[in-house]
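What follows is a short report on a single structure.
Chains as they are written, first to last, in my numbering: chain A, 7 to 353; chain B, 7 to 353; chain C, 7 to 353; chain D, 7 to 353.
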């Protein structure tokens, strides 16, 4: 089969590799019919993720069809259309049992293993461990181009942003950064009755998208960002500030936007320390959350996509074939300039 | 009447002042029969709290008897024995209605006003605004020397440490800093079924006290602190790390102790920024909480003291009269060296 | 002034009564500019509510303007436009402090006192006790004809139905009974992301209204009701069944609709016992909730009405003046036949 | 091997049966070293549980050693000491994933299958399906005679009583019925900080045990039961009333004991309908919960037993060998008269 293989910083190639096969009785093999690229894949290519070594097949998001099942698999059969999520879940460790497979102790202390600790989904076929507890059947009302965004970006915005942020009916919510993950948070805040959703970005295209995705207000980044956002509230700031970028400045902006008793939900992947003004914050009764997605919200999100309440397909702005995967990476690597949110890659 | 008056950094005096009187129909006046000193009073005396100006009566904790009531007060009468908590609660603003009077919008955006924005409790009498919603009747089973610690330190350890930290049955809890507030957290973790409570301090006296207060383990601060604590868990760290000191190092220690998915509950008052290693923490699914006490747990704590489950009186290690208040401050200012936790001051 | 006075079962009259005045320092007087009739008013007129005695002014819902304030009132001034909710809240008793003023211990062990234990709102003026903690300012974006439904019916459907029922994103919800309160539940389930809202009634007009109010499906009552509803789910029943009628059969229907682990939220006012099939239900892990509204959700609902997410005005189907109040009662007493939901009564 | 086989109402025998073997790759076989009898076993023997048919091996609680493992089992090995809980959990269905395996859709719509839908644990060996997600390793600090009560009775009292009842620090709790399950609730309320635990029974031995197990007060059943219990509260009743018997009268007693806003947690197994006084209850803002245990609290309970906070061994009052299992049933069938709580049965 063919797959996109990592060969050290800056190097990748779409090349022949051994076929994916069932290795454990709990495995299945999935023929990949739709995949996409995540910001993390770009980090890997820059050499930022030491655990990814030469020879690793990249990618951790897929929709496809089951082509082989291990002896112990009971929930899926050959021919089933499935969503392969970013997180693998053994289902039996303490973390899986409490609904936090992001830290599955069985598969490596971290639930993100595709394209990281094992071969990934940017390939013609992918081996999926712990299939019974990890895979999701895709309802017939949901298209591949909707489902693919439920593998990682939508649950990330929803779980690490909206759920961790504890959005509740009537809340005002600010989303700092309107890229794919920030927009996923915008798209799902409505599930919890937010009264106002304010998207903040420096890119006009993304702010336009934010309004399309359900933001009630947008603020272009500038010297007056904090004041502009607070002016859209009762003067005390927002109930929930979702950080979806991953830089010290954006986290500090989020911290400045939140009212006493509010929540700062950090979704961004950080590369450096952040100096928090604890001398001012300690008295503010705020909560700061952070973390990797668990993807346990996928059943809920599938229902909401199926019922039309979440137009997940809006995330896909550009389409490519496997053969054009290099081009897909190029476009996504400079997403804002290319007016791209997420790319859709099919055979 | 006599009161302890602040006269700028380093200066205070027990002197004659005008009598406390009812000024609003919702006020009462309380004759102070027991008061104490808080770490915040020491900060004020160092000039660290700009809002406290020359002439202000200090103190925000008292137990006493009502001597006068305003026309609109319905819940308290002259002669009632009451607890005056650190936080004043108007009862009608959005923050009071959601149980977060720490940020009461009516009394100043912050609920701590005694000895800060209005005259305080280190005095023979104190005026208490919004008495109906702020005061608590003291049950007959609870002594003054128990009740006084429910004005601030016990609810602080409980609310900002144990409740914000989301301690649940079976959890392992580390408390960084075993001073009065850290020990208050130790004393109240049992209410939520912690399986292991590990107190961490550099002072042997405090560690001994921690064991008396219910800690299951103690760790003396040293180069191996983090490893020693983690070794007392299953190797992943504690579920809840309570920071009760207020320095960058102690907050970073707390952050190092917590397992994936755990909570760092910051109780300490910070004077400087803290550089958080977000490059490591973002993926850990931890939550960091912080804030001022609301004192809304006082009814629960009063019940637990009355039923004997919380031996609050153990917090009081030294006793003074109003006339010895300077000495009380001296002892408390160097509490660890003086083997002191909290001082009890009576007429 | 004039008011609607109860004179024993079946008797009421719009007559001259002494003017409403401030009696306590915490009172205000409100000039009633909009009021309405509640199902409970009909029960009173049938003599079903023993606590209501001859001479009592009826009604517990109003929007109007403050005309006088007691000495201790700080949150409202003469001229303020306010919502008078069904529940009076002292703000200081244990129940008020935990957000459950439906059982305010100060005003009578029950928070519903207007038109019940004290004179009510179907009058030119009404005295409002504990005004600071009970009244709500009406934002300028909200009209009187929207606000009036937030005095009782909308919060009842929302709090006792949607909130008590613990509706969460992705849930399927059945609402048994599509009268004013059932429709209030339909109108507010969206705040919690329900994926499917099934309204059940025997009246076609109400089912049409249910679709207008946000129901995704309707089921006309018949021998196959339970099967029809379950067929709209995955075969196991709904997550939340809201009972909004108040008869044994309707509560048993709700109980039959709910899946294992679901919630039956009883909103209906019952007049007789209900025989629950505990021999079947004990194993089902369901929860049954019930209760009087607290009206503490009014601030949230006001925000959602102001932002356009809840079209509260749709509840008002018929308009009357004070002089036509008898006619208003006649229409409302036979609401279904008159294609009425709620009536709006103005001077 | 030998096992206790059901042969229709009133008939059972300890007889030779085919050996338990691994049938599915996810199975293990456990050598039973300790088992016990549950009230449900008595119901089965009375012919009350139609799903149990002639030839079924009884029992759903065991502690023992793994003797064989299926190919897909990764969490357990031959020789491991394990707890076999009453509930089997596939780990992948919607109910298992939300922590409610009591209604596991895979194993039969109900998670209780041992001694019910498949052969049980009152045998020398037992086949355990879905072993990786169902079994629990027993820590070395926990003895077999402690662990056996964590298979069903302790988690039942804790989950269906204490957790469903939403016990919180400071609460008053009444437990109606001080048999094995009621006492399990008494034993575990302390994990949630109850301030008062009132046990109610007609049997003096059980009331004595209740005091030993942590009850603060006991009330002997009589005409004044409700008044006696309410007098132990502030006059409004208890926060949580746990019903642990299963008769209409006991459920109605529990309902009479609870204060406005409280919870009635039904643990009892009912055989007939119960007429609830909804005409009085609808306004009381109470919650009624019920259900089968999930056994998901076992990890927490194991920690608390290991740390000495839950003296589980106190539940075992009588000891028998497999050969004496008929006698064990006789003693347990008349537990109160025999001063028995739970029996311990070993090879």
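Built from N, CA and C at the ideal position, the CB exists for glycine as well.
Distance, Cα to Cα, residue i vs residue j?
| i | j | result |
| --- | --- | --- |
| residue 142 (chain A) | residue 158 (chain A) | 13 Å |
| residue 314 (chain B) | residue 244 (chain B) | 28 Å |
| residue 169 (chain B) | residue 161 (chain B) | 10 Å |
| residue 197 (chain D) | residue 220 (chain C) | 43 Å |
| residue 262 (chain C) | residue 247 (chain C) | 9 Å |
| residue 51 (chain A) | residue 299 (chain D) | 49 Å |
| residue 128 (chain C) | residue 319 (chain A) | 52 Å |
| residue 72 (chain C) | residue 268 (chain D) | 36 Å |
| residue 87 (chain A) | residue 156 (chain A) | 14 Å |
| residue 183 (chain D) | residue 216 (chain D) | 10 Å |
| residue 210 (chain D) | residue 224 (chain D) | 10 Å |
| residue 121 (chain D) | residue 65 (chain D) | 5 Å |
| residue 179 (chain D) | residue 21 (chain C) | 51 Å |
| residue 134 (chain D) | residue 26 (chain D) | 9 Å |
Under 8 Å, Cβ to Cβ, is there at least one residue of chain A near residue i?
| i | result |
| --- | --- |
| residue 85 (chain C) | no |
| residue 306 (chain C) | yes |
| residue 293 (chain B) | yes |
| residue 301 (chain D) | no |
| residue 81 (chain D) | yes |
| residue 159 (chain C) | no |
Considering only their Cβ atoms, is the gap separating residue j from residue i smaller than 8 Å?
| i | j | result |
| --- | --- | --- |
| residue 46 (chain A) | residue 69 (chain A) | no |
| residue 113 (chain A) | residue 94 (chain A) | yes |
| residue 348 (chain D) | residue 310 (chain D) | no |
| residue 302 (chain B) | residue 105 (chain B) | yes |
| residue 130 (chain C) | residue 76 (chain C) | no |
Does any residue of chain D have a CB that is nearer than 8 Å to the CB of residue i?
| i | result |
| --- | --- |
| residue 147 (chain A) | no |
| residue 315 (chain B) | yes |
| residue 125 (chain A) | no |
| residue 175 (chain B) | yes |
| residue 340 (chain A) | no |
Would you say residue i lies against chain C (beta-carbon separation less than 8 Å)?
| i | result |
| --- | --- |
| residue 355 (chain B) | The structure shown does not extend to residue 355 (chain B), since chain B is modelled only from 7 through 353, so no value can be given for it. |
| residue 297 (chain D) | yes |
| residue 290 (chain D) | yes |
| residue 67 (chain D) | no |
List the residues of chain D that residue i touches, going by C-beta distances under 8 Å, in chain order.
| i | result |
| --- | --- |
| residue 101 (chain C) | 266 and 267 |
Give the residues of chain B in contact with residue i, contact being defined as C-beta atoms less than 9 Å apart.
| i | result |
| --- | --- |
| residue 321 (chain D) | None at all; the shortest Cβ gap to chain B is about 18 Å. |
| residue 97 (chain D) | Per Cβ cutoff of 9 Å: no residues; residue 97 (chain D) is ~19 Å from chain B at best. |
Using a cut-off of 7 Å between C-beta atoms, extract the partners of residue i located in chain C.
| i | result |
| --- | --- |
| residue 277 (chain D) | 285 |
| residue 139 (chain B) | 97 and 98 |
Along chain A, which residues have their Cβ under 9 Å away from the Cβ of residue i?
| i | result |
| --- | --- |
| residue 234 (chain D) | The contacting residues do not exist; residue 234 (chain D) stays about 41 Å from chain A at best. |
Is residue i close to chain B? Criterion is C-beta to C-beta, closer than 8 Å.
| i | result |
| --- | --- |
| residue 22 (chain C) | no |
| residue 7 (chain D) | no |
Name, please, each residue of chain A whose Cβ falls closer than 8 Å to the Cβ of residue i.
| i | result |
| --- | --- |
| residue 31 (chain D) | 31, 77 and 78 |
What residues from chain A crowd round residue i, counting only those whose CB sits closer than 7 Å?
| i | result |
| --- | --- |
| residue 108 (chain B) | 291 |
Enumerate, from N- to C-terminal direction, the unbroken alpha helix (DSSP H) stretches of 4 or more residues contained entirely within the region 95-119 of chain C.
-> You should have 100-103.
- Of all the alpha helix (DSSP H) runs that stay within the bounds of the region 39-96 of chain B, which reach a length of 4 or more residues? The qualifying runs are 45-51.
**Request:** Just list the beta strand (DSSP E) runs in the region 258-341 of chain B, keeping only unbroken ones of 3 residues or longer that don't cross its boundaries, in chain order.
**Result:** Along the region 258-341 of chain B, the beta strand (DSSP E) occurs as fully enclosed runs of 3 or more residues at 264-272, 280-282, 293-296 and 322-327, listed in sequence order.
List in chain order: all unbroken alpha helix (DSSP H) runs of 4+ residues lying wholly within the region 189-237 of chain D.
-> Along the region 189-237 of chain D, the alpha helix (DSSP H) occurs as fully enclosed runs of 4 or more residues at 210-218 and 231-237, listed in sequence order.
Q | Every unbroken beta strand (DSSP E) inside the region 153-186 of chain A [3 residues or more] | A | Fully contained in the region 153-186 of chain A are the following beta strand (DSSP E) runs of length 3 or more, in chain order: 178-182.
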